[in-house]
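Working notes for the structure below.
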Amino acid sequence: KILVLDFGGQYNQLIARRVREHHVYAEIKPYNKITVEEICKISYKGIIFTGGPNSVYDNASPHYDPDILNLGIPILGICYGNQLMAYMEGGKIYSAENSSEYGKTSVTVSESPLLKDIPKNSICWMSHTDYIKEAPVGFSVIARTAKCPCAAMSDEKRRLYGVQFHPEVTHTQYGKVMLYNFLFRICGCSGNWKMDHFIDKAVEKYKTELAGKKVLLALSGGVDSSVAATLLYKAIGEDLTCVFVDHGLLRKNEGDFVENTFKGRFGMNFIRVNAESRFLEKLAGITEPEQKRKIIGEEFIRVFEEEAKKLGKINVLAQGTIYPDVVESGKGDSATIKSHHNVGGLPDVISFDSIVEPLADLFKDEVREVGNKLGLPKELVYRQPFPGPGLAVRVIGEITKEKLDQLREADAIFCEEIAKHSSEEMTNQYFAVLTDLHSVGVKGDARTYGYTVALRAVTTDDFMTAEWTWLPYELLESASSRITNEIEQITRVVYDITSKPPATVEWE
Ligand code: XMP
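Going by UniProt numbering, the first residue of the sequence shown is number 4, and it counts up by one from there.
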């Protein structure tokens with residue numbers, strides 16, 4: 004396995020993930036939380052020093068124990084990790100405003116095992132102000148850019164390498180090859196790590212860590228909390244209880260599907276709280292989107308808390324937090340566009356001693372892989388995202404049971420048509436919205452005055468920005484025809500052709 008020594012950079016998890024993509028296990032440790040003796044005991048095949056926000060000249064900047072270079076373990080320093088190695092080995096680091104490079108940059112490389120199979124000129128991703136002017140004694144310069152006389156360096160004898168750019172970022176054209184070279188040609192890794200090993204290790208870890216404790220998990224039926232629940236169930240079985248709050252704002256048959264999956268298939272302690280009426284009572288007459296979200300969030304916590312109290316003392320709260328959630332919640336300064344509600348964000352209200360987040364190091368696609376390995380149904384593993392406040396933000400205006408039922412039907416028809424036309428692959432999220440707009444129609448020679456349904460389908464990588472999906476006309480036609488025929492109160496169907504920005508994915 005590889006040690007990723009963390010100096011506070013923003014891409015640390017991404018580095019670990021890229022290493023895992025090569026089927027090598029990577030462990031991240033803060034630079035000051037592991038000693039050279041400990042590193043020596045664990046037989047790491049290689050060490051990666053990450054980037055970080057500091058300058059090596061800052062008084063408070065993180066430094067490593069110099070003995071780490073004497074262990075004989077190959078090291079790759081990235082960005083700050085590279086500068087730090089150069090600085091501590093006696094190289095010259097310069098800081099100048101006009102020498103900073105940010106973004107895609109042309110790089111010229113020379114020969115080195117680290118750069119094998121990489122063309123002389125290619126593009127790398129830079130993000131730095133300080134740079135290495137002179138490599139330390141014993142190191143040779145193995146790459147340059149226009150502004151950076153030492154964009155990569157190596158001491159082949161000691162197997163020490165450093166790169167100023169970020170090989171872990173996809174914009175570095177040959178970043179993957181560089182990591183491959185480091186892991187296999189330099190460190191001699193075997194590349195036989197699989198996601199099964201992650202599962203086995205996590206199960207083993209939680210078996211010991213949570214022995215004799217009562218663990219509670221809020222299960223939404225989304226991929227993350229479902230995978231976390233299944234993993235923990237494997238580790239502690241009966242000591243885990245999942246609480247699934249059915250707020251009556253779910254899609255057609257969704258509550259039963261979640262219940263059947265967990266109670267039926269896995270047989271875990273599973274509590275479904277049917278709280279539809281209390282949610283609808285609280286939402287009656289409310290039309291303002293933020294108010295809807297707040298009411299739902301609060302009520303959710305109250306229901307969950309009541310269930311937790313019934314269960315007696317809970318030692319641990321488990322959450323399906325995944326790595327991108329950790330990053331997002333760290334950004335405290337962005338404006339609130341919508342107060343997102345996620346069952347992952349519960350705590351504080353229930354007394355427990357600790358929180359476990361078994362998926363906190365994984366990315367979404369890795370979580371899906373774990374879900375598949377654990378035998379979760381495909382419908383669940385590849386489920387599109389669904390907002391915590393559910394259909395409440397897709398019924399525009401006041402929420403009533405009648406409106407929710409109509410929307411559930413329209414949404415189910417749209418989903419069926421997408422499946423029938425094999426169009427799931429072209430869109431990342433799709434749903435129906437019940438607008439508050441009445442419009443005149445004619446059905447069977449009679450005038451009607453019913454609701455307008457909007458269909459929405461978006462194509463996106465990260466949901467921060469999104470394009471509206473060019474769904475086939477035939478699909479839209481049959482969805483429209485079925486919705487207006489099968490649902491009496493709906494007279495009109497429109498397709499939302501707005502991207503994000505300026506619109507958001509959800510209507511509220
Ligand atoms: P917006 O509407 O903000 O949605 O463009 C981006 C993505 O987030 C989902 N979404 C939510 N997810 N709790 C969630 O867990 C929420 O409150 C919430 N609101 C929106 C939305 O479905 C889309 O995938």
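The C-beta atom is built at its ideal place from N, Cα and C for all residues, glycine as well.
Determine the direct distance from the alpha carbon of G54 to that of G333, and round the result to whole angstroms. Residue confidence is low: G333 scores 49 on pLDDT, short of 50, so the model does not pin down where it sits. Its coordinate-derived value is still stated next. Answer to the nearest angstrom: the Cα atoms are 18 Å apart.
From this set, K313, G288 and I81, which residue's C-alpha is nearest L182's C-alpha? I81
Could you check where the alpha helix (DSSP H) with Y183 kicks off and where it finishes? G178 to Y183
Over what stretch of residues does the alpha helix (DSSP H) that includes D227 continue unbroken? V226 to I239
Y105: buried (16+ other C-beta within 10 angstroms of its C-beta) or exposed? exposed
Where residue 591 falls: helix, strand or coil (DSSP): Summary: the structure shown does not reach residue 591, with the chain confined to residues 4 through 511, and so no result is reported for it.
Spatial neighbours of G191 in its chain, beta-carbon cut-off 7 Å, leaving aside the 5 residues before and after: K48
Just to confirm the assignment: which complete beta strand (DSSP E) runs, minimum length 3, are found wholly within the region 68-97? 78-81
Looking at the structure shown, is V172 part of a helix, part of a strand, or coil, going by DSSP? coil
Is the Cβ-Cβ distance between I189 and P116 less than 8 Å? Yes.
Among T233, N195 and R23, which one has its Cα closest to the Cα of Y209? T233
L410 versus E511: straight-line alpha-carbon distance, rounded: 15 Å
Residue closest to Y34, alpha-carbon to alpha-carbon, out of L17, I71, R20 and T290: If we check each option's Cα against that of Y34, I71 comes out closest.
In three-state DSSP terms, what is M271? coil
What do you get for H169, buried or exposed, if any count of 16 or more other CB atoms within 10 angstroms of its CB means buried? buried
Please specify which runs of the alpha helix (DSSP H), each continuous and at least 4 residues long, are wholly inside the region 399-460, giving them in chain order. 404-423
Rounded straight-line distance, which links the Cα of K313 to that of F303: Their backbone Cα atoms lie some 16 Å apart in a straight line.
Taking the beta carbon of L74 as the centre, do at least 16 other beta carbons fall within 10 Å, making it buried, or is it exposed? exposed
What number of angstroms, rounded off, separates the C-alpha of H66 from the C-alpha of V39? Cα atoms of H66 and V39: separation of roughly 13 Å, rounded to the nearest angstrom.
Between S483 and the rest of its own chain, which residues show a CB-CB distance below 6 Å, the 5 nearest in sequence each way excluded? V496
Locate the alpha helix (DSSP H) running through A205, then write down its first and last residues. M198 to E212
If you measure from the CB of G391, is any heavy atom of the ligand XMP nearer than 7 Å? yes
Using the DSSP secondary-structure output, state which residues sit across from Y164 in a beta bridge. L79 and S157
For T124: DSSP bridge partner residues: Going by the sequence as given, residue 124 is Asn instead of Thr. DSSP, once it has assigned bridges, lists T111 as partnering N124.
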